[in-house]
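Engineer: Here it is: the structure, laid out below.
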Amino acid sequence: LGLFCGCGCSITGDERHALPTYTSDWDENPKTNHIITDLLPAADCGADIEYRQQYLDPLEPIYKKYKDMPGLEPIALAWFRALQSPYIITGRPPHVPEELNRMALQCQVDYLNVFLELWKKDQPRDKEYMKPLIRRRSVARNQLRHNDPGEGPLTKMLGHKMAEKILTAVMG
């Protein structure tokens with residue numbers, strides 16, 4: 002019998018604020034961790050440069066601090082990469098030494114602190130500006146809910162009904 006610990010957090014702005022979605026996932030088993038932490042942009046950052054500069058670029062110094070952590074790896078799924086910021090941290094950092102566990106957890110805390118600072122300063126936006134952002138958030142939630150490979154392990158561990166409840170709560 003294997004042991005598994007999973008913890009996820011997702012914080013999304015309301016329909017008046019352009020905030021990105023803070024997301025973190027920590028899955029741990031006896032062999033390794035799997036982490037994801039990011040601020041998922043609500044805007045197309047290739048087209049909306051000001052959005053990227055305001056909401057995502059504050060992550061750059063933190064990203065540089067953690068990007069070479071042992072065990073990090075790129076996401077293999079193209080649909081998932083398309084939703085992420087340029088500052089996503091993801092991979093499977095090893096448990097040993099314990100310092101790596103603390104570093105992986107601190108990375109998630111540091112990203113959360115950037116999100117909280119953005120939230121404190123954020124102002125409501127014009128309804129017209131928000132329309133495509135609200136749509137992008139909805140599309141992202143639906144893609145994550147229906148394409149996430151985590152649904153399989155959750156269903157195996159908890160059953161279909163409970164897995165669906167958890168994914169609905171986490172991903173909207």
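Per this note's numbering, the sequence shown starts with residue 2, numbered consecutively. Virtual Cβ for every residue (Gly too), placed ideally from N, Cα, C.
With a cut-off of 8 Å on the beta carbons, I'd call leucine 113 and threonine 91 a contact; round off their distance for me.
Structural biologist: Leucine 113 to threonine 91, Cβ: 16 Å. No contact.
Engineer: In chain order, what residues of the same chain lie with their CB nearer than 8 Å to the CB of asparagine 143, ignoring the 5 residues before and after it?
Structural biologist: Closer than 8 Å at Cβ, skipping near neighbours: no residue.
Engineer: Could you spell out where the beta strand (DSSP E) holding histidine 35 opens and where it closes?
Structural biologist: Run containing histidine 35: 34-41, per the beta strand (DSSP E) assignment.
Engineer: What is the DSSP secondary structure of isoleucine 135, reduced to helix, strand or coil?
Structural biologist: In this structure, isoleucine 135 counts as helix in the three-state DSSP scheme.
Engineer: Identify which residue in Tyr23, Asp127, Ala79, Pro125 has its Cα closest to the Cα of asparagine 111.
Structural biologist: In the sequence on display, residue 111 carries aspartate and not asparagine. The residue with the shortest Cα to Cα distance from aspartate 111 is Tyr23.
Engineer: Quick one: what's got a C-beta closer than 7 Å to threonine 13's C-beta in the same chain, skipping five residues either side?
Structural biologist: Contacts found: Thr22, Arg138.
Engineer: What does a CB cutoff of less than 6 Å around cysteine 6 pick up in its chain, not counting 5 residues either side in sequence?
Structural biologist: Around cysteine 6: Glu29.
Engineer: Who are the near neighbours of glycine 71 in its chain, counting only those whose CB is closer than 7 Å to its CB and skipping five residues on each side?
Structural biologist: Correcting the residue identity first, residue 71 is proline in this sequence and not glycine. Pro94, Pro95, Leu101.
Engineer: In terms of alpha-carbon separation, which member of Glu129, Pro31, Trp80, Cys108 lies closest to valine 140?
Structural biologist: Measuring from the Cα of valine 140, the nearest candidate turns out to be Trp80.
Engineer: Would you kindly report the start and end of the unbroken beta strand (DSSP E) that includes cysteine 108?
Structural biologist: Not the beta strand (DSSP E): cysteine 108 falls in the alpha helix (DSSP H), residues 99-122.
Engineer: Once DSSP output is grouped into helix, strand and coil, what is the label at aspartate 58?
Structural biologist: Aspartate 58: helix per DSSP, three-state reduction.
Engineer: Locate the alpha helix (DSSP H) running through arginine 82, then write down its first and last residues.
Structural biologist: Residues 79-82.
Engineer: Tell me which same chain residues have a C-beta within less than 6 Å of the C-beta of cysteine 10, skipping the five on either side of it?
Structural biologist: Closer than 6 Å at Cβ, skipping near neighbours: Ser25.
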